[in-house]
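Only one structure is covered here, and it is reproduced in the block below.
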Amino acid sequence: MTGCSFKAGGKVSAGANNPPPPPPAPAAPAPAAAPAPAPEPAKGGKIKAGAIELPYPIQFETGTAVLKPESDVPLQVVKEYFDAKPELTKIRIEGHTDTVGNDADNLKLSQDRANAVAKWLKDHGVACERMVPVGFGETRLLKKPEKTPEDQAANRRVMFVNAEVQGKAVMGMPLDGGAPTSADACKL
């Protein structure tokens with residue numbers, strides 16, 4: 675026979691047979707905020723009329739070749755385009771201006787801006803040998819005559835044009851596209 679023994683003592687009160695209520699359950703932690711969705715990759719990098727189409731324009735401080743920070747997004751698209759197209763041996767980086775100011779200053783500014791873009795790309799890993807920065811000044815206006823500030827803004831631009839594929843000039847064009855000025859991207 676198996677035995678059991680108990681030793682108990684103390685006072686007994688009414689309801690002592692009922693166990694005390696359990697402590698309240700701790701409050702459930704508030705659900706963590708859902709992480710912000712990753713930003714969509716920049717759209718662009720497609721070819722339209724022989725030039726890379728960008729999601730946003732490349733912007734400079736007024737009257738200078740100093741790139742604005744918001745230019746990083748479209749420039750990253752260009753870098754990714756270079757990375758994805760090893761057969762593309764040269765891209766022409768064309769600087770263009772509006773007609774405000776004199777021709778000589780605009781030509782220099784357009785070249786300086788093309789150079790600034792080439793330097794940014796070089797600093798971010800694009801081989802300098804693959805770039806041909808050129809300045810057209812106000813010689814190739816998209817909006818002519820410039821009647822509004824929007825027309826002027828359309829004329830102030832940097833374009834990226836396929837110039838050479840696997841060592842052969844695209845459509846027999848000169849690498850500089852006939853630009854009045856050009857620079858060596860490796861010396862920037």
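Mind the numbering: the sequence shown is residues 675 to 862 in my numbering, read in order. All C-beta atoms, glycine included, are put in the ideal place defined by N, C-alpha and C.
Identity of the residue in the options nearest residue i by Cα
i	options	result
Lys764	Lys842, Lys861, Thr855 and Leu862	Lys842
Tyr869	Gly737, Thr738, Ala739 and Val751	Past the boundaries of the shown model lies residue 869; the chain is included only from 675 to 862, so the question cannot be answered.
Ser745	Val808, Val791, Thr813 and Asn829	Val791
Met805	Gly851, Lys782, Val747 and Pro823	Gly851
Pro807	Lys796, Thr738, Ala778 and Pro819	Lys796
Glu754	Gly737, Ile726 and Glu768	Ile726
Val740	Lys793, Lys720 and Ser856	Lys793
Phe834	Phe734, Lys742 and Leu749	Leu749
Cys860	Ala788, Cys802, Val774 and His798	Cys802
Ala857	Asn836, Ala788 and Thr813	Ala788
Gly809	Asp757, Thr855, Thr738 and Pro743	Thr855
Ala831	Thr773, Val844 and Leu762	Note that residue 831 is Arg in the sequence shown here, rather than Ala. Nearest of Thr773, Val844 and Leu762 to Arg831, Cα basis: Thr773.
Lys733	Ala828, Lys818 and Lys821	Before going on, a small fix: residue 733 reads as Gln here, not Lys. Here the closest residue by C-alpha is Ala828.
Three-state class that DSSP yields for residue i in the structure shown
i	result
Pro807	strand
Val844	helix
Ser687	Its pLDDT being 43, under 50, Ser687 is placed unreliably in this model, and the value from its coordinates should be taken loosely. Ser687: coil per DSSP, three-state reduction.
Lys859	Sequence check: residue 859 is Ala here, not Lys. In this structure, Ala859 counts as helix in the three-state DSSP scheme.
Thr736	coil
Where residue i falls, given that 16 or more other Cβ within 10 Å makes a residue buried
i	result
Thr771	buried
Gln840	exposed
Asn780	buried
Asn776	exposed
Gly799	exposed
Leu783	buried
Ile721	exposed
Glu768	buried
Pro715	At Pro715 the pLDDT is 38, less than 50, meaning the model places this residue with poor confidence and gives no usable figure here.
Glu812	buried
Asp786	buried
Ala837	buried
Ala758	exposed
Ala778	exposed
Leu728	buried
Neighbour flag for residue i against chain D, beta carbons, 8 Å
i	result
Ala778	Considering every chain present, this structure includes no chain D. It has just one protein chain.
Segment limits, alpha helix (DSSP H) that includes residue i
i	result
Lys796	Asp777 to Asp797
Pro753	With the sequence shown as reference, residue 753 is identified as Lys, and Pro is not the correct amino acid for it. Its alpha helix (DSSP H) spans residues Asp746 to Ala758.
Ala828	Pro823 to Asn829
Limits of the beta strand (DSSP E) - the one that residue i falls within
i	result
Lys769	Before going on, a small fix: residue 769 reads as Gly here, not Lys. From DSSP, the beta strand (DSSP E) with Gly769 extends over Leu762 to His770.
Ile726	Ala725 to Glu727
Lys722	Lys720 to Lys722
Contact test: residue i Cβ vs the ligand ZN heavy atom, cutoff 7 Å
i	result
Gly737	Although the ligand ZN was asked about, the structure shown includes no ligands whatsoever.
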